[in-house]
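Only one structure is covered here, and it is reproduced in the block below.
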Amino acid sequence: MAFPGPRVLVVGSGIAGLGAAQKLCSHRAAPHLRVLEATASAGGRIRSERCFGFLKEHQDTFFEPPLPAKKAEAIKKLGFGTNNKIFLEFEEPFWEPDCQFIQVVWEDTSPLQDTALSLQDTWFKKLIGFLVQPPFESSHVLCGFIAGLESEFMETLSDEEVLLSLTQVLRRVTGNPQLPAAKSVRRSQWHSAPYTRGSYSYVAVGSTGDDLDLMAQPLPEDGTGTQLQVLFAGEATHRTFYSTTHGALLSGWREADRLIHLWDSQVEQSRPRL
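Using this note's numbering, read the sequence shown as starting at 1 and increasing by one per residue.
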């Protein structure tokens, strides 16, 4: 069946893809639009936009023809890290009713100091603390945050190993060796997920904001006329708000506006002149 008007394919239904699709569908010349998503549900990092890790890992084979050299180099230079959450559910809270955050501070250690200990023995020291979640029915939950290589190592452990390590941490922090262990643990594993391979971009040593701008440039490179074929959105394409959810959303709106401007200019050019 033939569809009149523009045809748009949005690859990835993170917040950037959904934002672009929503804005395009509200245009008066609403295109025939399809959104592709590799996972079972949409939403990305809120669940959100994280496909830059996949792009860094597969850029040499994902595009045919290959990406322009400048864009490929920008992808290689930009950093992509991992930040995970670990949720611990307890039968009863051991924290005070007005407690909102449990800060973890390790004495006599420094993250800048080389250590001979393995990640197996130290990964949990990268935890910055636990955010107390609002109670819901009979649930009492803490949310821990961990980033970096330690976060990636955490993903290789079983739930039982993670729970054992964090129980020991909390017993040490509270000074209560009899503190009951959490009854369940849930965690994100962004580095292990094949279509994400991490959770946020950053300007690494050797890269600049110009690389983020290069990431955002559409293809073909001149971006003019009816030749515009591939557009790029996602937090890794926003020079100001990279690594954030709102950066992903704004980038999706930006690319939708780019297409809408192109369509409107084509309609204007096709109108008869008096």
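Backbone N, C-alpha and C define an ideal beta-carbon position, used for all residues, glycine too.
So, at 6 Å on beta carbons, what are the nonlocal neighbours of Gly144 in its own chain, with the 5 sequence-adjacent residues on each side left out? Position 144 of the sequence shown, counted from the start, is the residue given in the question as residue 144. The residues are Ile86, Leu127 and Phe130.
Would you say Pro220 and Leu231 are within 7 Å of each other, going by their C-beta atoms? Locating residue 220 in the sequence shown gives position 220, counting from the first residue. Locating residue 231 in the sequence shown gives position 231, counting from the first residue. Between Pro220 and Leu231, the CB-CB gap reaches or exceeds 7 Å.
Quick one: give me the first and last residue of the beta strand (DSSP E) that Arg7 is part of. Here the question's residue 7 lines up with position 7 in the sequence shown. From DSSP, the beta strand (DSSP E) with Arg7 extends over Arg7 to Val11.
Using the Cβ count rule (16 or more neighbours within 10 Å means buried), how would you classify Thr61? Within the sequence shown, residue 61 is the residue found at index 61, counting from 1. It counts as exposed.
Could you check the C-alpha separation between Gln229 and Trp253 for me, to the nearest Å? The residue given as residue 229 occupies position 229 in the sequence shown. The residue given as residue 253 occupies position 253 in the sequence shown. Rounded to whole angstroms, Gln229 and Trp253 show a C-alpha spacing of 17 Å.
Between which two residues does the beta strand (DSSP E) containing Glu89 stretch? In the sequence shown, residue 89 corresponds to position 89, counting from 1. Glu89 -> beta strand (DSSP E) spans Asn83 to Phe90.
Rounded to the nearest angstrom, how far is the Cβ of Asn214 from that of Tyr242, given a contact under 8 Å? Along the sequence shown, one-based indexing puts residue 214 at 214. Along the sequence shown, one-based indexing puts residue 242 at 242. Note on identity: in this sequence residue 214 is Leu, with Asn being the wrong assignment. At roughly 13 Å, the Cβ-Cβ gap does not stay under 8 Å, so Leu214 and Tyr242 are not in contact.
Does the distance from the C-beta atom of Gln59 to that of Ile75 stay below 7 Å? Reading the sequence shown from its first residue, position 59 is the one you call residue 59. Reading the sequence shown from its first residue, position 75 is the one you call residue 75. Between Gln59 and Ile75, the C-beta gap is smaller than 7 Å, which places the two residues in contact.
For a test of the three-state rule: what should DSSP assign to Cys143, helix, strand or coil? In the sequence shown, the residue the question calls residue 143 occupies position 143. Here Cys143 sits in strand by DSSP.
According to DSSP, which residues form a beta bridge with Tyr202? On the sequence shown, residue 202 is found 202 positions in, with the first residue counted as 1. Per DSSP, Gly79.
Residues of its chain near Glu155, where Cβ-Cβ distance is below 6 Å and the 5 sequence neighbours each way are ignored: Here residue 155 corresponds to residue number 155 of the sequence shown, with the count starting at 1. So the list reads Gln189, His191 and Ser192, once near-sequence residues are dropped.
For the segment 171–185 against the segment 90–97, are there 3 or more C-beta pairs whose distance is under 8 Å? As far as the Cβ criterion goes, the segment 171–185 touches the segment 90–97, which means the pair count is three or higher.
Supposed contact pair Gly79 and Ala233 - C-beta distance, whole angstroms, cut 8 Å: For the purposes of this step, residue 233 is identified with residue 233 of the sequence shown, where counting begins at 1. For the purposes of this step, residue 79 is identified with residue 79 of the sequence shown, where counting begins at 1. Actually they do not touch by this definition, with Cβ atoms about 19 Å apart.
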